[in-house]
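First residue of the sequence shown? That's 18 in our numbering, and the numbers climb one at a time after it. Report on one structure; see the data block that follows.
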Amino acid sequence: MIDAAFATLPLKTAGDSLPAGAGKPMPARPENPDMREGVNIWFAEDNGEFAFPRLAVDATGEHWDNRLVCANVSLNDGRVFDGWGMFPRVPTEDVDGNPTIVGCSVLQFRCIEPLKKWHVTYADEPLAGTIDEQIAKQMDPAKRAAIRLDAEITVTSVPWAQYFAPGDTSFAARAMGVGWRYEVPVAINGTFEVDGKPRPFKGTGVLIHRHSIRDFAGFWGHDWQAAAFPDGSAFGCNVYPEKAGQPDYNTGYIYKDGKCYNARVVEAPWLTELKPHGSDVSLVLESELGRTRIEGTTMLCTFKPQWDLMGGLSLEQSAVQYRWGDQTAIGIIERSCPV
Numbered sequence: 018m019i020d021a022a023f024a025t026l027p028l029k030t031a032g033d034s035l036p037a038g039a040g041k042p043m044p045a046r047p048e049n050p051d052m053r054e055g056v057n058i059w060f061a062e063d064n065g066e067f068a069f070p071r072l073a074v075d076a077t078g079e080h081w082d083n084r085l086v087c088a089n090v091s092l093n094d095g096r097v098f099d100g101w102g103m104f105p106r107v108p109t110e111d112v113d114g115n116p117t118i119v120g121c122s123v124l125q126f127r128c129i130e131p132l133k134k135w136h137v138t139y140a141d142e143p144l145a146g147t148i149d150e151q152i153a154k155q156m157d158p159a160k161r162a163a164i165r166l167d168a169e170i171t172v173t174s175v176p177w178a179q180y181f182a183p184g185d186t187s188f189a190a191r192a193m194g195v196g197w198r199y200e201v202p203v204a205i206n207g208t209f210e211v212d213g214k215p216r217p218f219k220g221t222g223v224l225i226h227r228h229s230i231r232d233f234a235g236f237w238g239h240d241w242q243a244a245a246f247p248d249g250s251a252f253g254c255n256v257y258p259e260k261a262g263q264p265d266y267n268t269g270y271i272y273k274d275g276k277c278y279n280a281r282v283v284e285a286p287w288l289t290e291l292k293p294h295g296s297d298v299s300l301v302l303e304s305e306l307g308r309t310r311i312e313g314t315t316m317l318c319t320f321k322p323q324w325d326l327m328g329g330l331s332l333e334q335s336a337v338q339y340r341w342g343d344q345t346a347i348g349i350i351e352r353s354c355p356v
């Protein structure tokens, strides 16, 4: 839903257009205490050795000086690292005095060029354990490990954008947030360090940036998936399970042969069990192209079982090996249900 009073960027997007100025970090604390700025990236190393199935920093007007960090790391040897917590903010201004940084003491995203290029650094000692321990809620709070990341992020496709103008009271605005949000396929390359051993890497993933006010009250579950493929094709979707008395929320896109198509999910892989890897997360999207089936299998997973912050829902945030026709790619999934 677009407010005609806003000019739009000269940028091709899937979904809604973005208001002028979108994509830039907030220069200062917003007046509205509920307004949130968030930047996060989900990516996997090209050879499937490790993944960050969500590395995020969020700040609201009310808690501007302390930022929420959500850092998930999964290794192909079965280890996982959980770095969720609150950390003090760092200055928004870069060395040239420009407001380009969204971050805190352990995690900083620096916007090099809005909607095109970012730089990310992360350095912390998150909880360390195994995926089996995480699923069983048995990770030792005293066991930690040093994780470092320093990388450049480059946009590789068109953004999938949502924009809801102030005053919009629709369910979709409540679900996605009043304001703007975009997600976009990216390439990432840099250095990752674990066990005191830095290693260069290349990977692919999805970056999300948002300025919005979002109401999570009454949330009952979802399925969000995205990936980009070697030939430039991409998809993204977000759907809530049907629930009596609740509005339908089902949105998505397909980018194929240089054209964007709005899409809906007609078959979704709802979360029904917590598996360390190997879950079938294939989906079917419906658009002007007809029905498009994309096969998927989870590979580097993280979980928040029966999580209090989501009203007892279980949350999965994982990397996925997708196949679309003869194309393969590593993408992402986030899904939640009362499991």
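Ideal placement from N, C-alpha and C gives every residue a C-beta, glycine not left out.
Local conformation of Glu-259 per DSSP, three classes: coil
State the beta-bridge partners of Pro-105 as determined by DSSP. Asn-83
What residue range is occupied by the uninterrupted beta strand (DSSP E) comprising Phe-320? 307 to 321
In whole angstroms, what separates the C-alpha of Ala-88 from that of Phe-320? 12 Å
Kindly give me the distance between the Cβ atoms of Ile-170 and Ile-58, rounded to whole angstroms, as I take these residues to be in contact under 8 Å. 6 Å
Distance CB(Arg-191)-CB(Ser-229) smaller than 8 Å: no
Where does Gly-329 land, buried or exposed, given buried means 16+ other C-beta within 10 angstroms? exposed
Do Arg-308 and Gly-55 come within 8 Å of each other at the CB atom, strictly closer than that value? no
Using the beta-carbon count (16 or more within 10 Å), is Leu-326 buried or exposed? exposed
From this set, Ala-39, Gly-220 and Arg-216, which residue's C-alpha is nearest Ala-204's C-alpha? Gly-220
Exposed or buried, which one is Gln-334 when buried takes at least 16 other CB atoms within 10 Å? buried
Quick one: is Gly-38 buried, meaning 16 or more other Cβ sit within 10 Å of its Cβ, or exposed? exposed
Sort His-239, Ile-164 and Lys-260 by Cα distance to Glu-213 and report the nearest one. Residue identity differs from the one stated: residue 213 is Gly in this sequence, not Glu. Nearest C-alpha to Gly-213: Ile-164.
Near Phe-218, which residues of its chain fall below 6 Å by C-beta distance, leaving aside the five closest residues on each side in sequence? Glu-62 and Phe-209
When DSSP labels each residue in this structure, what does Phe-126 get in the three-state scheme? strand
Compare the C-alpha of Pro-286 against each of Gly-275, Cys-254, Asn-279 and Asp-274 and name the closest. Cys-254
What number of angstroms, rounded off, separates the C-alpha of Ala-68 from the C-alpha of Ala-182? 35 Å
Strand pairing of Thr-171, partner residues [DSSP]: Lys-134 and Ala-204
Using the C-alpha atoms, what's the distance from Ala-189 back to Lys-260? 15 Å
Candidates Asp-149, Pro-42, Glu-150 and Gly-65, of which the one nearest Lys-134 by Cα: Pro-42
Thinking C-beta only, is Tyr-278 closer than 8 Å to Glu-312? no
Residues of its chain near Leu-291, where Cβ-Cβ distance is below 8 Å and the 5 sequence neighbours each way are ignored: Ile-152, Phe-320, Pro-322, Ser-331, Glu-333 and Val-356
Asp-343 versus Ile-129 - alpha carbon distance: 35 Å
Pick out the complete beta strand (DSSP E) segments inside the stretch 45 to 79, 3 residues or longer, and give them in chain order. 53 to 62 and 67 to 77
If you reduce the DSSP assignment to three classes, tell me which class Ala-163 lands in. coil
Pro-247 classed as buried or exposed, judged by whether at least 16 other C-beta atoms fall within 10 angstroms: exposed
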